[in-house]
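Quick note: the sequence shown, position 37, residue 37 per UniProt numbering, numbers continuous.
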Amino acid sequence: ILDKENGLVPPGGVLSHVTVLEIPTYPKLLVVADVAVIILPDLEQKIKILQYTIEVSHALGIENPYAFLISAVETVNPKMPSTVDAALIKVMAERGQIKGAKVEGPVALDIAVSKECAEIKGFKGEGAGEADILIFPNIETGNVFFKTCTQLCNGRIAAVVAGATAPCVLTSRADSEDSKFLSIALAALLAVKKGVRK
Numbered sequence: 001i002l003d004k005e006n007g008l009v010p011p012g013g014v015l016s017h018v019t020v021l022e023i024p025t026y027p028k029l030l031v032v033a034d035v036a037v038i039i040l041p042d043l044e045q046k047i048k049i050l051q052y053t054i055e056v057s058h059a060l061g062i063e064n065p066y067a068f069l070i071s072a073v074e075t076v077n078p079k080m081p082s083t084v085d086a087a088l089i090k091v092m093a094e095r096g097q098i099k100g101a102k103v104e105g106p107v108a109l110d111i112a113v114s115k116e117c118a119e120i121k122g123f124k125g126e127g128a129g130e131a132d133i134l135i136f137p138n139i140e141t142g143n144v145f146f147k148t149c150t151q152l153c154n155g156r157i158a159a160v161v162a163g164a165t166a167p168c169v170l171t172s173r174a175d176s177e178d179s180k181f182l183s184i185a186l187a188a189l190l191a192v193k194k195g196v197r198k
């Protein structure tokens, strides 16, 4: 994948791990990133990660997904860089610089996935409690969320590396055969949607 001459990364490209989760306690699929590749994404990388998750959502038939940039709070705090990045990305989406999704952020996880929590906290943003996409501020939060869903909530997953010239399957060593099969199926779907021939 990373070979400079024959690899799958375009010049200046950014690779990101995108996971599709099916969780029994949530009514629809969740597309989440990045839980395995980019340790601490900067603003530019977060924009790329968001665009990849939007592409995956569209491939799955989610035409106008609700995307949430996850942080610990809903207010911008310069001492919490994830809130600043999330607010900037939301403004970019509002101005048409990021297309294909309704973007909210910064937002705590409970507001993204629970209408009840959003109402209690007085959050008025669009799509509260109906997240299709979750973008995490760093690999620690994303990875903990991912493993909590699979190990404690009976979540099923499919995962790919996005940003390459062809979708690449990347699963955890401890992933089930079901997860590996679903990841291959997701990569094949994305390849067809992207028009990959080789």
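The beta carbon of each residue, even a glycine, is placed where N, CA and C say it ideally should be. Just so it is clear, the structure is predicted and the values come from calculations on it, not from any experiment.
Burial state of residue 201 (16 or more Cβ within 10 Å) = Any property of residue 201 remains undetermined from this structure, which presents the chain solely from 1 to 198.
For C153 and I70, believed in contact at Cβ under 8 Å, the rounded distance | Incorrect: roughly 17 Å between the Cβ atoms, too far for contact.
Buried versus exposed, by CB contacts within 10 Å (16 or more), V20 = It is buried - the Cβ of V20 has at least 16 other Cβ atoms within 10 Å.
For the 8 Å Cβ check, are there 3 or more pairs between the stretch 91-108 and the stretch 46-57?
-> The stretch 91-108 makes contact with the stretch 46-57, as at least three CB pairs between them are under 8 Å.
Thinking C-alpha only, which one of A36, A59 and D132 is nearest G195?
-> A59
Nearest-angstrom Cα distance between T165 and A108?
-> 33 Å
CB of V160 within 8 Å of CB of C149, strictly | no
Beta-carbon contacts of M92 that lie in its chain and below 6 Å, excluding the five residues immediately before and after | I98
Length of the line joining the Cα atoms of K198 and L8 = In this predicted model, K198 has a pLDDT of only 49, less than 50, meaning its place in the structure is not dependable; the value taken from the coordinates is given anyway. When rounded, the distance between both Cα atoms is 11 Å.
Which word fits K90, buried or exposed, when buried means at least 16 other C-beta atoms lie within 10 angstroms of its C-beta?
-> Taking every protein chain shown into account, the CB of K90 has 16 or more other CB atoms within 10 angstroms, so this residue is buried.
Contact check, K28 vs D110, beta carbons under 8 Å | no
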